[in-house]
Amino acid sequence: MFGTASDEREVNVPASEAWKVYGSLQLAKIAGESLKDYISKTVAHGDGGVGTTVEIFYPAGTPGATSYKEKFTVVDSSRRVKETEVVEGGFLDLGFNCFRVRLEVIEKDKNSCITKSTIEYEINEEAATNADLVSIKPLTALMECVADYLVKDHSKDIPSANA
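The structure is reproduced here in structure tokens:
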């Protein structure tokens, strides 16, 4: 069984500034610092390019797994697209064959952009009821945190995203 979920937000900063966060490890740092309802900490291994892994730890008391690991499979600065796949734990332990997140920064005009998050998944038929656990809410919350961060003009302190 296949499924998707997505959401998007308009951000009043140039797409190039938003990509500095979305296309880098700064995104994991902001997630770990800002999303305490969903994440207790993140640990990155790599330079932020393809092949980088990030281990995401759930807050204490979260039922089920304590963490999961995702791998960056696409980091395309020209298209401003990043994709990650869960490679260990999390949804894979719940009968999912694939759990992928795509993050996109779409230029609207020179001073604003759209950030879009999409979840794509495949789950075994025997575990199909676990598809109800898929929620775009953590990614929506992340997009809101990043938008707030960018609008407060912290983006000038972020190094350029990897090519």
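First residue of the sequence shown? That's 1 in UniProt numbering, and the numbers climb one at a time after it.
By construction, the Cβ of each residue, glycine as well, lies at the ideal position given by its N, Cα and C atoms.
Classification of residue i by the beta-carbon crowding that lies within 10 angstroms, buried from 16 upward
i: lysine 110; result: exposed
i: glycine 23; result: buried
i: phenylalanine 72; result: buried
i: alanine 18; result: buried
i: arginine 80; result: buried
i: glycine 48; result: buried
i: threonine 20; result: Checking the sequence shown, residue 20 turns out to be lysine, not threonine. Buried.
Residue closest to residue i, alpha-carbon to alpha-carbon, out of the options
i: arginine 102; options: Gly3, Lys82, Tyr68; result: Lys82
i: valine 43; options: Val105, Gly49, Lys29; result: Lys29
i: lysine 36; options: Gly48, Phe57, Val50, Phe96; result: Phe57
i: phenylalanine 106; options: Asp76, Ser135, Glu120; result: The residue asked about is misnamed: residue 106 is isoleucine in this sequence, not phenylalanine. The shortest C-alpha separation from isoleucine 106 is found at Asp76.
i: leucine 133; options: Ala141, Tyr121, His45; result: Tyr121
i: glutamate 55; options: Glu8, Thr84, Ser78, Gly61; result: Thr84
i: residue 181; options: Ala5, Ser40, Glu88; result: Beyond the ends of the chain as shown, which are 1 and 163, falls residue 181; an answer cannot be given.
Separation of residue j from residue i, as counted between CA atoms
i: alanine 31; j: proline 59; result: 13 Å
i: tyrosine 149; j: leucine 139; result: 15 Å
i: alanine 163; j: glycine 51; result: Bear in mind that a pLDDT of 44 at alanine 163, under 50, signals an unreliable position, so the number given afterwards is only what the model happens to contain. Approximately 14 Å, taken between the alpha carbons.
i: glycine 99; j: phenylalanine 91; result: The sequence as given places phenylalanine at residue 99; glycine does not occur at that position. In a straight line, the C-alpha of phenylalanine 99 is about 7 Å away from that of phenylalanine 91.
i: serine 16; j: glutamate 126; result: 43 Å
i: alanine 147; j: isoleucine 114; result: 10 Å
i: histidine 45; j: methionine 1; result: 31 Å
i: leucine 94; j: glutamine 26; result: 29 Å
i: serine 117; j: serine 135; result: 11 Å
i: threonine 66; j: serine 112; result: 37 Å
i: isoleucine 123; j: glutamate 88; result: 15 Å
i: glutamate 104; j: leucine 142; result: 13 Å
Contacting residues, own chain, Cβ-Cβ under 8 Å from residue i (five flanking each side not counted)
i: valine 151; result: Val11, Asn12, Val13
Extent of the continuous beta strand (DSSP E) run through residue i
i: threonine 42; result: 41–45
i: arginine 79; result: No beta strand (DSSP E) contains arginine 79, which DSSP labels as neither H nor E.
i: phenylalanine 2; result: 2–11
Residue i - containing alpha helix (DSSP H), residue span
i: valine 140; result: According to the sequence shown, residue 140 is threonine rather than valine. Per DSSP, threonine 140 belongs to the alpha helix (DSSP H) from 137–151.
i: tyrosine 121; result: It is not in any alpha helix (DSSP H) - tyrosine 121 instead sits in the beta strand (DSSP E) that spans 112–123.
i: tyrosine 22; result: 15–22
i: glutamate 33; result: 26–34
Cβ shell of residue i (< 6 Å), same chain only, five flanking positions each side left out
i: tyrosine 38; result: Pro138
is_contact[residue i, chain C] using C-beta, thresh 7 Å
i: valine 50; result: Absent from the structure: chain C. Only one protein chain is present.
Heavy atom of the ligand MN within 6 Å of residue i beta-carbon
i: lysine 36; result: The ligand MN is not part of the structure shown, which contains no ligands of any sort.
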